[in-house]
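Take a look at the structure set out below.
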Amino acid sequence: MGNWDYSTFWTEAIKQIQSDFSKQSRDQEFKIWFSSIKYINSDELAVNISVPSNFYQAQIKQRGYDSIIQNKLKEISGQDIIVRFIVLPQTEQNTENSSKSSDEAHNTKTAAPENSDENHSSVVQIGIKNDAGHPQLRADYTFDSFVSGENAFAYNAAQAVAKNPGYAYNPLLIYGGVGLGKTHLMQAIGNLAYTESQSSNTKKNIIYITAETFTNEFIQSIHSSSQTKFKNKYRSADILLIDDIHFFQNKDGTQEELFHTFNALYDSFKQIVFTCDRPISELKNLTERLRSRFERGLNVDLQVPQYETRRAILEKKMSKKNIHISPEIIDIIAQNVSTNVRDLEASLTKIIAYTELTEKEVSVEKAQQLLRDIFNSPKTGNITIDDIQKTVANYYNISFSDIKSKKRSKNILFPRQIAMYIARQITEFSLTELGAEFGGKDHTTVMHSIEKIEETLQTDITLENTLQTLIRSIKEIKK
Ligand code: ADP
Ligand code: MG
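Take 89 as the starting number for the sequence shown in this note's numbering and just add one per residue.
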C-alpha cells in the first residue's frame, strides 16, 4: 500500500466543512451526515472512507456532499484526491487498516471503474463527475421535488422564468428567511432550463454562483490581473443565477462590477435570478443604482410553510427516498417543526438514520427524544444583534451603549467579544455586519474577537456554561 497518508488533509477538510456548514446554520445537518463518515486509510492519491449504510452512501452522493469533500480536499492539498466511500456497518468501523477494509477498497477499485454507474456497488468512488446534469446544480433541486403550498406564486414565477428565460420576469428576485427553499427554487430554474436546452439542442450557458464566490473570484481576478476573463465569464451567461446577494452589502468594488454585468446581460435579454435573505429595501450599504436594478423585474417572497404543507413536504421527501415512516411520527414532526424546511428535513433525516442504523421502527417516545434538540430550538432567524447585546450587557452588568461602543477597557472588551462570538454562533450576520453594530469595527477585528473567545474556551472550562446560559436567555426572548 505504500506510504500514502492523507489523514491530515482529511481531518482539516472535515474541520473546514463543519465551519462552512455552521456559518449557514446547518450544524444539525453536518452532525447527522458527517459524524458517521470515518477515515480508514489512503493509497496513492486516494482516501478510503467508511459510511455506516447504503442509505448514507446514496445520500452523500445525492446531497452533493461527495463534491463538497472532493473540492475541499483539492483546495487544501492542491491535488485531485479520489474519495472512495465504503459501506461498513457501525460495528466494523474504526478497525483502521483492517484487512477487510483494505481488501474491500482494492476489490472495488476494479469492481467500480471510473465513469461506470456504481449505484449497486457498495463503494462509491468520486472525483470524476459522471452525471448528465448541470455540473454546478444539485440534481434533486427540481420543480417536481418542491412542494409549492403557500409559495405557489414564487413557484409559478420561477417556472415561467425557466421556460421563457430573459422574457418572463427579468430579473427575478426570490427572498425569504433561511431554509425556506430559495436555493432550491433557483437551482430548479437552472435545472429545468438546462434540460430543455439539452433536449432542444439550443445550448444555453447557465451559471450558478453564490454571491460570496462571485466576490472572491472578482477579488482574485484583480490580484491576478485577469479581470477581462472574469468579465467575459459572467457576461457570456444566458442565465445567471446569483445566490444570497445580501452578501454584497458593503462590498463596493464587487457591487460596481455586478452593476455592469447586470446591465450587459439585461440589455441583451439574458435572464438574471437573485436570491436574498431579506427584502431589498432592508439591505444596507448598497449603491442606489444597484438597488434599483435588484428591484426591477419581479420580487417574490417565500413564506414559512403551514402544517399541511409541512406534511406534504415530508411525504414528498419520503417518496423521493423510497422510505416509509409511520404517519404518527410524520405528524409529530409536522406539528413541532415550524421554523423552516431545512429543520423539517433534518428531523426526518434523523429518524431515517436511526431506523437504518438500528433496523428498528421508531416509537413515538423515541422520536420525541431524538428530535428534542430540533423541537426546542427557537427561530434563530429572528434574533437580532440588539437582543444579544442587551442580554450580554445585562449579564456582565455593563450598559447597552458601552457594549456597542469602541471603548477598550477590559470589563467592556470581554463582554463585547462574547457578544460577537454568540452572534456569530446563532445568527446569520456576516462579520462585516457585526463589525458595524459593534462600534464600527472591520471584519478582521470581529474575527479576532471570536478567535480570542475560542482560545479562552480552551482553557477556561466555566466559560462554555456561561455561553450556554447566555444563548438560552437570548433564545428565550423570542419564544
Ligand atoms: P434557503 O436557500 O432558502 O436557505 P434551501 O433552498 O437550501 O433554503 O432549502 C433548504 C432545504 O429545504 C433543501 O433541502 C430544500 O430542498 C428543502 N425545501 C425547502 N422548501 C421546500 C419545499 N417547498 N418543498 C420541498 N423541499 C423544500
Ligand atoms: Mg440558500
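Beta carbons are placed, not taken as given, at the ideal position from N, Cα and C, and that holds for glycine. In this text the structure is predicted, and so the values were computed from the model without any measurement.
- [ ] Figure out for me which residue from N289, K292, T342 has the closest Cα to the Cα of A299.
- [x] Against the sequence shown, residue 299 aligns to sequence position 211. Minimum Cα distance to A299 is reached at T342.
- [ ] Mind listing, in chain order, the continuous beta strand (DSSP E) runs of no fewer than 3 residues lying wholly within the stretch 370 to 404?
- [x] 386 to 389
- [ ] Just tell me which of I439, K408, I411, A400 has its CA closest to the CA of V429.
- [x] Walking along the sequence shown from the start, residue 429 turns up at place 341. It is A400.
- [ ] Verify the contact flag: Y229, CB atom, against every heavy atom of the ligand ADP, threshold strictly below 7 Å.
- [x] Along the sequence shown, one-based indexing puts residue 229 at 141. At least one heavy atom of the ligand ADP is nearer than 7 Å to the Cβ of Y229, so yes.
Task: Cβ contact check for the stretch 479 to 497 and the stretch 161 to 168: 3 or more pairs under 8 Å - done: no
Open item on the list: Less than 6 Å between C-beta atoms, sequence neighbours within five positions excluded: which residues of the same chain meet that for N195?
Closed with: For this step, residue 195 is matched to residue 107 along the sequence shown. With a pLDDT of 36 at N195, under the threshold of 50, the modelled position of this residue cannot be trusted; read the value that follows with caution. Result list for N195: empty, nothing under 6 Å.
- [ ] Identify which residue in K126, F143, Q104 has its Cα closest to the Cα of I156.
- [x] In the sequence shown, counting from the first residue as 1, residue 156 sits at position 68. Nearest in C-alpha terms to I156, of all of K126, F143, Q104, is Q104.
Task: C-beta contact flag for I439 and V450 at 8 Å - done: Locating residue 439 in the sequence shown gives position 351, counting from the first residue. Locating residue 450 in the sequence shown gives position 362, counting from the first residue. In this structure, V450 lies closer than 8 Å to I439 by Cβ.
Open item on the list: When you measure from the CB of E272 to every non-hydrogen atom of the ligand ADP, does any distance come out below 7 Å?
Closed with: Counting from one through the sequence shown, the residue named residue 272 turns up at place 184. For the record, residue 272 in the displayed sequence is His; it is not Glu. Yes, the beta carbon of H272 sits closer than 7 Å to at least one heavy atom of the ligand ADP.
Open item on the list: Shorter than 7 Å, the distance from the beta carbon of D108 to the closest heavy atom of the ligand MG, or not?
Closed with: Position 20 of the sequence shown, counting from 1, holds the residue named residue 108. No, Cβ of D108 sits at least 7 Å from all heavy atoms of the ligand MG.
Task: Endpoints, alpha helix (DSSP H) assigned at N142 - done: Looking up residue 142 in the sequence shown gives position 54. Where N142 is concerned, the enclosing alpha helix (DSSP H) stretches over 142 to 150.
Open item on the list: Checking the sheet assignment: what are the DSSP bridge partners for I294?
Closed with: Numbered from 1 along the sequence shown, position 206 holds the residue referred to as residue 294. DSSP lists I327 as partners of I294.
Open item on the list: Distance check for A524 and R379, CA to CA, integer angstroms please.
Closed with: To locate residue 379, count along the sequence shown from 1; it is residue 291. To locate residue 524, count along the sequence shown from 1; it is residue 436. Computed Cα separation, rounded: 20 Å.
- [ ] Check whether the Cβ of D332 sits closer than 7 Å to any heavy atom of the ligand MG, and report yes or no.
- [x] As a position in the sequence shown, residue 332 is number 244, starting the count at 1. With a cut-off of 7 Å, the C-beta of D332 is classified as near the ligand MG, since at least one heavy atom of the ligand falls inside that distance.
TODO: Keeping to the same chain, check which residues put their C-beta closer than 7 Å to that of F362; ignore five residues upstream and five downstream.
DONE: Working through the sequence shown from its first residue, we reach residue 362 at position 274. Same-chain partners within the cutoff: P259, L261, I330, I333, F382.
- [ ] Indicate, with yes or no, if the ligand ADP has a heavy atom lying under 7 Å from the CB of L268.
- [x] Taking the sequence shown and counting its residues from 1, the one referred to as residue 268 is at position 180. Yes, Cβ of L268 sits closer than 7 Å to a heavy atom of the ligand ADP.
Task: Close-in-space but distant-in-sequence residues of the same chain around S435 (CB under 7 Å, 5 per side omitted) - done: The count along the sequence shown starts at 1 and reaches residue 435 at position 347. Cβ neighbours of S435 beyond the five flanking positions: I421, V425, L459, I462.
TODO: Measure the beta-carbon distance from L437 to I120 and round it to whole angstroms, keeping in mind my assumption that it falls under 8 Å.
DONE: Here residue 437 refers to the residue found at position 349 of the sequence shown. Here residue 120 refers to the residue found at position 32 of the sequence shown. Sequence inspection shows Thr at residue 437; the Leu mentioned does not correspond to that position. The C-beta separation of T437 from I120 comes to about 5 Å, placing the pair in contact by the 8 Å criterion.
Open item on the list: Are the CB atoms of E238 and P367 within a distance shorter than 8 Å?
Closed with: Along the sequence shown, read from residue 1 onward, the residue named residue 367 stands at position 279. Along the sequence shown, read from residue 1 onward, the residue named residue 238 stands at position 150. Contact flag unset, no.
- [ ] Assign E132 to buried or exposed, taking buried as 16 or more other Cβ atoms, counted over all protein chains shown, within 10 Å of its Cβ.
- [x] In the sequence shown, counting from the first residue as 1, residue 132 sits at position 44. So E132 ends up on the exposed side.
Task: the ligand ADP heavy atom lying under 7 Å from the CB of K404 - done: In the sequence shown, the residue the question calls residue 404 occupies position 316. Yes, the beta carbon of K404 sits closer than 7 Å to at least one heavy atom of the ligand ADP.
Open item on the list: Please report the distance separating the alpha-carbon of Q275 from that of Y229.
Closed with: Counting from 1 along the sequence shown, the entry for residue 275 is found at position 187. Counting from 1 along the sequence shown, the entry for residue 229 is found at position 141. Rounded to whole angstroms, Q275 to Y229 spans 6 Å at the Cα level.
- [ ] For S110, write down the residues that DSSP places opposite it in a beta bridge.
- [x] Translated into positions along the sequence shown, residue 110 becomes position 22. Beta-bridge pairing links S110 to no other residue.
TODO: Within its chain, find whatever has a CB closer than 7 Å to the CB of L519; leave out the 5 residues flanking it on each side and keep chain order.
DONE: One-based indexing of the sequence shown puts residue 519 at position 431. H531, V534, M535.
- [ ] Return yes when the C-beta of V429 is under 7 Å from any heavy atom of the ligand ADP, and no when it is not.
- [x] Here residue 429 corresponds to residue number 341 of the sequence shown, with the count starting at 1. At least one heavy atom of the ligand ADP falls within 7 Å of the beta-carbon of V429.
TODO: Could you check what DSSP says for D340 in three-state terms: helix, strand or coil?
DONE: Along the sequence shown, one-based indexing puts residue 340 at 252. Looking at D340 - three-state DSSP - the assignment turns out to be helix.
Task: Coil, strand or helix - L176 by DSSP - done: Within the sequence shown, numbered from 1, the residue matching residue 176 stands at position 88. Looking at L176 - three-state DSSP - the assignment turns out to be coil, as it is neither helix nor strand.
Task: Whole-Å CB distance - K358 paired with L328, under 8 Å assumed - done: For this step, residue 358 is matched to residue 270 along the sequence shown. For this step, residue 328 is matched to residue 240 along the sequence shown. Yes, K358 and L328 are in contact; Cβ-Cβ is about 7 Å, under 8 Å.
TODO: Could you give the DSSP three-state label for Q359: helix, strand or coil?
DONE: As a first step, residue 359 is located in the sequence shown; it is residue number 271 there, counting from the start. Of the three classes helix, strand and coil, the one that applies to Q359 here is strand, per DSSP.
Task: Status (buried if at least 16 other CB within 10 Å, exposed otherwise) for E136 - done: Residue numbering aside, residue 136 sits at position 48 when the sequence shown is read from its first letter. The sequence given here places Asn at residue 136; Glu does not occur at that position. Here N136 is buried, its C-beta having at least 16 other C-beta atoms within 10 Å.
Task: Cβ distance (whole Å) where L545 is taken to contact L551 below 8 Å - done: Here residue 545 corresponds to residue number 457 of the sequence shown, with the count starting at 1. Here residue 551 corresponds to residue number 463 of the sequence shown, with the count starting at 1. Indeed, because the Cβ distance is near 5 Å, the residues count as touching under 8 Å.
Task: Boundaries (first-last residue) of the alpha helix (DSSP H) holding N244 - done: Translated into positions along the sequence shown, residue 244 becomes position 156. The continuous alpha helix (DSSP H) containing N244 extends over residues 240 to 251.
Task: Beta-carbon proximity list for S561, same chain, < 6 Å, skipping 5 on both sides - done: Translated into the one-based positions of the sequence shown, residue 561 becomes position 473. Closer than 6 Å at the Cβ level, and outside the excluded window around S561, lie T479.
TODO: Give the range of the alpha helix (DSSP H) segment to which D419 is assigned.
DONE: Your numbering for residue 419 matches position 331 in the sequence shown. Element bounds for D419: 415 to 424.
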